[in-house]
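2 protein chains.
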Amino acid sequence: MRLQVIEMKLHNFNSGPSILPLPVLEQASNAIHNFNNTGLSILEIGHRTSHFQEVLNDAIASVKRLMQLDDQYEVLFLHGGATTQFMQVPMNLLDDDQIAAYCDNGIWGNKALKEASLFGNIVVAASSADKKHTYIPKELVFPETANYLHITTNNTVEGTQWHDYPTTTIPLIGDMSSDIFSRQINFKKFSLIYAGAQKNMGAAGVNMLVIKKDILGKIQRRIPTIMNYQKHIEAGSLMNTPPVFAVYVSMLTLKWIEEEGGLVEMGRRSKERASLLYNTLDSLPFFKTYVAKEDRSEMNAVFFIEDENLQNLFLDECKQAGFIGVKGYRTVGGIRVSMYNALPLSSVQAMVDLMQSFASKHA
Amino acid sequence: MRLQVIEMKLHNFNSGPSILPLPVLEQASNAIHNFNNTGLSILEIGHRTSHFQEVLNDAIASVKRLMQLDDQYEVLFLHGGATTQFMQVPMNLLDDDQIAAYCDNGIWGNKALKEASLFGNIVVAASSADKKHTYIPKELVFPETANYLHITTNNTVEGTQWHDYPTTTIPLIGDMSSDIFSRQINFKKFSLIYAGAQKNMGAAGVNMLVIKKDILGKIQRRIPTIMNYQKHIEAGSLMNTPPVFAVYVSMLTLKWIEEEGGLVEMGRRSKERASLLYNTLDSLPFFKTYVAKEDRSEMNAVFFIEDENLQNLFLDECKQAGFIGVKGYRTVGGIRVSMYNALPLSSVQAMVDLMQSFASKHA
Numbered sequence: 001m002r003l004q005v006i007e008m009k010l011h012n013f014n015s016g017p018s019i020l021p022l023p024v025l026e027q028a029s030n031a032i033h034n035f036n037n038t039g040l041s042i043l044e045i046g047h048r049t050s051h052f053q054e055v056l057n058d059a060i061a062s063v064k065r066l067m068q069l070d071d072q073y074e075v076l077f078l079h080g081g082a083t084t085q086f087m088q089v090p091m092n093l094l095d096d097d098q099i100a101a102y103c104d105n106g107i108w109g110n111k112a113l114k115e116a117s118l119f120g121n122i123v124v125a126a127s128s129a130d131k132k133h134t135y136i137p138k139e140l141v142f143p144e145t146a147n148y149l150h151i152t153t154n155n156t157v158e159g160t161q162w163h164d165y166p167t168t169t170i171p172l173i174g175d176m177s178s179d180i181f182s183r184q185i186n187f188k189k190f191s192l193i194y195a196g197a198q199k200n201m202g203a204a205g206v207n208m209l210v211i212k213k214d215i216l217g218k219i220q221r222r223i224p225t226i227m228n229y230q231k232h233i234e235a236g237s238l239m240n241t242p243p244v245f246a247v248y249v250s251m252l253t254l255k256w257i258e259e260e261g262g263l264v265e266m267g268r269r270s271k272e273r274a275s276l277l278y279n280t281l282d283s284l285p286f287f288k289t290y291v292a293k294e295d296r297s298e299m300n301a302v303f304f305i306e307d308e309n310l311q312n313l314f315l316d317e318c319k320q321a322g323f324i325g326v327k328g329y330r331t332v333g334g335i336r337v338s339m340y341n342a343l344p345l346s347s348v349q350a351m352v353d354l355m356q357s358f359a360s361k362h363a
Numbered sequence: 001m002r003l004q005v006i007e008m009k010l011h012n013f014n015s016g017p018s019i020l021p022l023p024v025l026e027q028a029s030n031a032i033h034n035f036n037n038t039g040l041s042i043l044e045i046g047h048r049t050s051h052f053q054e055v056l057n058d059a060i061a062s063v064k065r066l067m068q069l070d071d072q073y074e075v076l077f078l079h080g081g082a083t084t085q086f087m088q089v090p091m092n093l094l095d096d097d098q099i100a101a102y103c104d105n106g107i108w109g110n111k112a113l114k115e116a117s118l119f120g121n122i123v124v125a126a127s128s129a130d131k132k133h134t135y136i137p138k139e140l141v142f143p144e145t146a147n148y149l150h151i152t153t154n155n156t157v158e159g160t161q162w163h164d165y166p167t168t169t170i171p172l173i174g175d176m177s178s179d180i181f182s183r184q185i186n187f188k189k190f191s192l193i194y195a196g197a198q199k200n201m202g203a204a205g206v207n208m209l210v211i212k213k214d215i216l217g218k219i220q221r222r223i224p225t226i227m228n229y230q231k232h233i234e235a236g237s238l239m240n241t242p243p244v245f246a247v248y249v250s251m252l253t254l255k256w257i258e259e260e261g262g263l264v265e266m267g268r269r270s271k272e273r274a275s276l277l278y279n280t281l282d283s284l285p286f287f288k289t290y291v292a293k294e295d296r297s298e299m300n301a302v303f304f305i306e307d308e309n310l311q312n313l314f315l316d317e318c319k320q321a322g323f324i325g326v327k328g329y330r331t332v333g334g335i336r337v338s339m340y341n342a343l344p345l346s347s348v349q350a351m352v353d354l355m356q357s358f359a360s361k362h363a
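In order, the protein sequences belong to chains A and B.
According to the numbering used here, the first sequence is numbered sequentially starting from 1.
According to the numbering used here, the second sequence is numbered sequentially starting from 1.
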């Protein structure tokens, strides 16, 4: 089935859930028949068996290796998506009378700060709302008494990405849902990292969290058990039945990243894909973008064609060419090309070929 | 692979995640290769595509047909497990100065009431804690001013099940995680039903909720968006990226239930399995149970052998015979035989055969 697909040259530019590596899909499909020769489906095994414990251990070990984390950090796999963390982060780290700082640099970061305002006092450290979040603010202002500073490291909708993280004396928290494991960075700059898995590291339905333990236990609020990071750490991500299959797919994807050469290689591929796309964009004035050049995302290229009819025609041609998920986010419009870890360079090549031929025909 | 398994006579008595119908596993496995001839994996499709919308619509329509619900009810598929609902129910339905009534009739119901106490005043309407939750209390006492009454309809750990639901003038809420869709009942007795999917209706990682709309919007608390039932209803379960694959497996399982004859047929099979097991138990005084006869669960039979060495030997023989998941819950011990929708009668027959031969050898 899959081979046929490749012959059809289907190119998956989905923004998330998005393309996954073929070996991951093959193993996942097989595990639904017979998981690790248990004779049972991965969907039928108990979560407190050694079988699943091994899956979870492997996933956690991969994360720790890829991020080069020491024992000050814990790795959790929890139910939900990043949106769940918009609530769970302040619930665990912010009391009603305390302050947290948020960068308002994208639609998701903005949602995060709005949710946090239910739990304490929010200071906007910087905002790019004046230009519809098309750049990353460089000057951050916030009180040093704030419990933490929250940023969204990559903005899927607007196509911007932090290339230099702020240095802070207070804990830095990153929503890395859309650029996690796409390159080597200094993860230790962060005290808490969270990511919905469905872009670079697996299937929808699970959150990966990395928590520096010293930030916990500092607030007075009584936290509901299922939301309590400390309790999840004590239970080793097994407080309740976890999303077994989604954790399994994350484990497979993490293993694939390591086998392919780790974050250095992921970063090289990411740069290669993004350069090809953005160089083409820059060479074709027919395509426009509002995104500040220095803040362009390697994950999501967001651009447009001024003539709306031509833009619709381009999107139609993308569809006919087997390009999936190229339409911009509903509130932004335009064109969005998402280029996550599993996207082959050949897919970006196919996209830039179409961009070039379309521009030369219609410019 | 699977055929080989059947030849090995593997019998899956797991308490959850548990056995799923073979056609469901086959379709799920295929969909990971190529979902509905899209050329994409179910793990790679966008959740806002018509492809996934159809999956979600089909799942919701199945639930409404199976439960015979009218438009007063909404069906949601949300991230998390039943434990998430222990918090989410009171967060949505109980203000700090109000009262909710809970039946303390099992380990999970007890956890539910403890979580609810973070959000308001909890009255224990009845408790079976005096006999380690081995029976269902029949006399319930609670103020008519309580916002709702919460029960756990089947107690997976203790092996008890409500066979007649209480009649109330206040909203009745049921955690049906472990007996949902196992028989025809009057679902309209309930104002809210929730169930983690991983027993009778799918894979771990998704909650199914049925909500009578008139219970919402009656409290003052500011509810975090991702926890807000009303907002999820407005967003049609698509507020954020849902657990796509888990919803898909639920849809397949619900369709299987309907194709097999619906809840009447599920109830017939359930009775048949449970009768075979309990009749054998009653005929063999060698096996003991503390569970009150009239409250026995059709889903989970919990019993034990007085001599611990013999019990361990029995569990060993179960293992050798290819019986999975027969060891009792860690806090209860003993033997537990879970018999969910997808368990064939032949598996129960294999179990009672072993029980009989073991008893005749060791009694």
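Backbone N, C-alpha and C define an ideal beta-carbon position, used for all residues, glycine too.
Determine whether the Cβ of residue i lies closer than 8 Å to any Cβ atom of chain B.
i, result
"MET201 of chain A", "no"
"ALA383 of chain A", "Residue 383 of chain A is absent from the structure shown; chain A starts at 1 and stops at 363."
"MET251 of chain A", "no"
"GLY365 of chain A", "Because chain A in this structure spans residues 1 to 363, residue 365 of chain A falls outside the shown range and cannot be described."
"THR241 of chain A", "yes"
"HIS47 of chain A", "yes"
"THR196 of chain A", "With the sequence shown as reference, residue 196 of chain A is identified as Gly, and Thr is not the correct amino acid for it. By this cut-off, GLY196 of chain A is an interface position."
"GLU54 of chain A", "no"
"MET266 of chain A", "no"
"LEU192 of chain A", "no"
"LEU209 of chain A", "no"
"GLU115 of chain A", "yes"
"ASN110 of chain A", "no"
"LEU118 of chain A", "yes"
What I want to know is whether the C-beta of residue i ends up closer than 7 Å to one or more non-hydrogen atoms of the ligand HEM.
i, result
"ALA112 of chain B", "Here there are no bound small molecules, and the ligand HEM is not part of this structure."
Does the distance from the CB of residue i to the CB of residue j come in under 8 Å?
i, j, result
"ASN147 of chain B", "GLN98 of chain B", "yes"
"MET351 of chain A", "LEU284 of chain A", "no"
"LEU25 of chain A", "GLU258 of chain A", "no"
"ALA246 of chain A", "ALA301 of chain A", "no"
"GLU272 of chain A", "LEU345 of chain A", "yes"
"ILE215 of chain A", "LEU93 of chain A", "yes"
Specify the secondary structure class of residue i as computed by DSSP and reduced to three states.
i, result
"ARG296 of chain B", "strand"
"GLN302 of chain B", "The sequence given here places Val at residue 302 of chain B; Gln does not occur at that position. Three-state result, VAL302 of chain B: strand."
"GLU139 of chain A", "coil"
"THR83 of chain B", "helix"
"ASN57 of chain B", "helix"
"HIS47 of chain B", "coil"
"THR280 of chain B", "helix"
"HIS163 of chain B", "coil"
"LEU10 of chain A", "coil"
"THR38 of chain A", "coil"
Compare the C-beta of residue i against all C-beta atoms of chain A and say whether one is closer than 8 Å.
i, result
"GLY236 of chain B", "no"
"LYS361 of chain B", "no"
"PHE77 of chain B", "no"
"ALA59 of chain B", "no"
"ALA350 of chain B", "no"
"PHE245 of chain B", "yes"
"VAL44 of chain B", "Looking at the sequence provided, one finds Glu at residue 44 of chain B rather than Val. It does; some Cβ of chain A falls within 8 Å."
"LEU216 of chain B", "no"
"ASN105 of chain B", "no"
"ASN14 of chain B", "yes"
**Item:** Inside the stretch 167-238 of chain A only - beta strand (DSSP E) runs reaching at least 3 residues
**Value:** Correct list: 172-175, 192-196, 207-212.
**Prompt:** Along the stretch 17-42 of chain B, what residues have a CB closer than 7 Å to any CB found in chain A?
**Reply:** From the stretch 17-42 of chain B, only PRO17, SER18, ILE19, LEU20, LEU25, ALA28, SER29, ILE32, HIS33, ASN34, GLY39, LEU40, SER41 have a Cβ closer than 7 Å to chain A.
**Item:** Those runs of the alpha helix (DSSP H) which lie wholly inside the stretch 91-133 of chain B and span at least 4 residues
**Value:** Taking only runs of at least 4 residues, the alpha helix (DSSP H) segments lying wholly in the stretch 91-133 of chain B are 107-116.
**Request:** Quick one: which residues of the stretch 145-178 of chain A get their C-beta closer than 8 Å to a C-beta of chain B? List them in chain order.
**Result:** So nothing in the stretch comes that close.
**Item:** Members of the stretch 218-235 of chain B near chain A, C-beta cut-off 8 Å
**Value:** For the stretch 218-235 of chain B, the beta-carbon criterion of a distance under 8 Å to any beta-carbon of chain A is satisfied by ARG222, PRO224, THR225, ILE226, MET227.
**Request:** With 9 Å as the limit, tell me which residues of the stretch 294-327 of chain A have their beta carbon closer than that to any beta carbon of chain B; keep them in chain order.
**Result:** From the stretch 294-327 of chain A, only GLY322, ILE324, GLY325 have a Cβ closer than 9 Å to chain B.
**Request:** Report the residues of the stretch 78-89 of chain B with a CB closer than 8 Å to any CB of chain A, ordered along the chain.
**Result:** Contact annotation: in the stretch 78-89 of chain B, residues whose CB is within less than 8 Å of a CB in chain A are HIS79, GLY80, GLY81, ALA82, THR83, THR84, PHE86, MET87.
**Item:** Segments of 3+ residues assigned as beta strand (DSSP E) that fall wholly inside the stretch 311-355 of chain A
**Value:** The qualifying runs are 335-338.
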